[in-house]
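Since the structure comes first, as C-alpha cells, the remarks are kept for the end.
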Amino acid sequence: MDSCDETQMVKENISFKRKAQDNSINARKLMAIKGFPLDKNIKVSELLESYKSIGFQASNIGKAVDIIKAIKKENAGLFLACTSNMVSSGLREVIAQLVEKKIFAAIITSTGAIEEDFIKSMNDFYLGSFDADDELVKKNALNRIGNIFVPDKNYCDFEEWHMKFISRIMQEKNIIAPSEYIRMMGLEMNDKKSILCQAALKDVPIFCPGFVDGAIGDHFYFHNQKNKKKLIIDTVADVAKFYNMVLQPDKIAGIIL
Numbered sequence: 010m011d012s013c014d015e016t017q018m019v020k021e022n023i024s025f026k027r028k029a030q031d032n033s034i035n036a037r038k039l040m041a042i043k044g045f046p047l048d049k050n051i052k053v054s055e056l057l058e059s060y061k062s063i064g065f066q067a068s069n070i071g072k073a074v075d076i077i078k079a080i081k082k083e084n085a086g087l088f089l090a091c092t093s094n095m096v097s098s099g100l101r102e103v104i105a106q107l108v109e110k111k112i113f114a115a116i117i118t119s120t121g122a123i124e125e126d127f128i129k130s131m132n133d134f135y136l137g138s139f140d141a142d143d144e145l146v147k148k149n150a151l152n153r154i155g156n157i158f159v160p161d162k163n164y165c166d167f168e169e170w171h172m173k174f175i176s177r178i179m180q181e182k183n184i185i186a187p188s189e190y191i192r193m194m195g196l197e198m199n200d201k202k203s204i205l206c207q208a209a210l211k212d213v214p215i216f217c218p219g220f221v222d223g224a225i226g227d228h229f230y231f232h233n234q235k236n237k238k239k240l241i242i243d244t245v246a247d248v249a250k251f252y253n254m255v256l257q258p259d260k261i262a263g264i265i266l
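Numbering (this note's numbering), first residue to last: 10 to 266.
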C-alpha cells in the first residue's frame, strides 16, 4: 500500500474525522489500577471484587461478578452454553454442582459434552501433556483432548452400553427429542458428579443442536443399519421447547464458555 492509498483511507474513515471533546476522558474519575494483599483471610467475594482494579482480562472477571449479582437480584433465567472440552476437563464436576443447586434454567452444549460426561461416570480421564507425540499417544491406545488423555477402552465401554440402551428405549418409542433422550441417559446414571445425572434429577433440560455428531451419531447409524424400526431424533421438538423457555420470561441471561 502506497502513501496515496493511506491518505484516501484516512479521508474515507469516519473515525479519523471524529473530533474529541475537551475533557472527554477524565482520568481522575476512572478506577485506579492496583493489586490486592495476599491475605489468607480474604474471602472469595472480596478477591473477585479486587479483580476489577487489576486491569486486562482480570477486570472483566470482576465485571462478570457484578453481572451475576444483577442476574440473581432480578431473578433472570440463566442459560449455560459450553463446549465439550469444558466437560472433558475438571470443570465437569464444578458445572454438575451448579446444576444440582439449580443455578441454570437450561444448558446448551455439543454432543461431545454429552458422551464424555457419561464416559467419565464409567472410567477416568488422565492428565497428559500438550507436548506428547501424537503417534506415541495412539500406539498406547490413547486419545487426546489437548493435555487430557482418554483410553480407547473408555469409548468401547460407552459404545457397548449405548447400543444396548438404544435397543431398550426403542421398545417404548422411536421418535425422541434430543433433550428427552439426554434426560433418559441421565436417569440411567448413579453419579452425582455427572452433569447429565444432576440435570435429570433437577429437571434442567440439556439442549444439543448437533446431537447426531460424534460417537453418539455413529451409534445411531449402526442401529438403524441393522434394524427395520429406525430411531428418529426429533430436533424440531427441541426448537419449540427452547423457544418457549427463552421467550416466556421477562428477563433471561446467559453464560457462554
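Ideal Cβ positions, reconstructed from N, Cα and C, are used throughout, including at glycine.
The structure displayed is predicted, hence computed values, not measured ones.
Segment contact: the region 208-217 against the region 176-194, three or more CB-CB distances shorter than 8 Å; contact assigned. Residue burial annotation: Tyr135 is exposed, with fewer than 16 other C-beta atoms found within 10 angstroms of its C-beta. Secondary structure of Phe45 (DSSP, three-state): coil.
Two segments are said to touch when three or more pairs of C-beta atoms, one from each, lie closer than 8 Å; by this definition the region 150-161 touches the region 92-108.
Its chain contains Met179, Asn183 as the residues whose beta carbon lies nearer than 7 Å to that of Lys238, once the 5 sequence neighbours on both sides are disregarded; these appear in chain order. A direct Cα-to-Cα measurement between Lys49 and Leu57 gives close to 14 Å. Of the candidates Asp200, Phe229, Gly219, Phe251, Phe229 places its Cα closest to the Cα of Ile241. Ranked by Cα distance from Cys91, the options Ala150, Ile104, Asp142 are led by Ile104. Gly226 is the residue among Ala122, Gly226, Lys202 whose C-alpha sits nearest the C-alpha of Met172. DSSP, reduced to helix, strand and coil, places Phe216 within a strand of the structure shown. Sequence-distant partners of Ala209 (beyond 5 residues in either direction) whose C-beta falls short of 7 Å from its own C-beta, in its chain, are Arg192, Gly195, Leu196. Our two residues, Asn132 and Asn163, have alpha carbons roughly 6 Å apart in a direct line. For Ala262, the uninterrupted beta strand (DSSP E) run begins and ends at 261-265, by DSSP. Here the C-alpha atom of Gly86 lies approximately 29 Å from the C-alpha atom of Ser130. Per DSSP, the unbroken alpha helix (DSSP H) holding Gly121 starts and ends at 120-131. The alpha-carbon of Ser176 is positioned some 25 Å away from that of Thr118. The alpha-carbon separation between Val245 and Gln207 amounts to approximately 25 Å.
Distances from the CA of Pro46 to each of Met40, Glu55, Lys38 were compared; the closest alpha carbon is that of Glu55. In terms of Cβ geometry, Glu124 and Phe167 form a close pair [threshold 8 Å]. Assignment of Gly226 by DSSP, reduced to helix, strand and coil, places it in the helix class.
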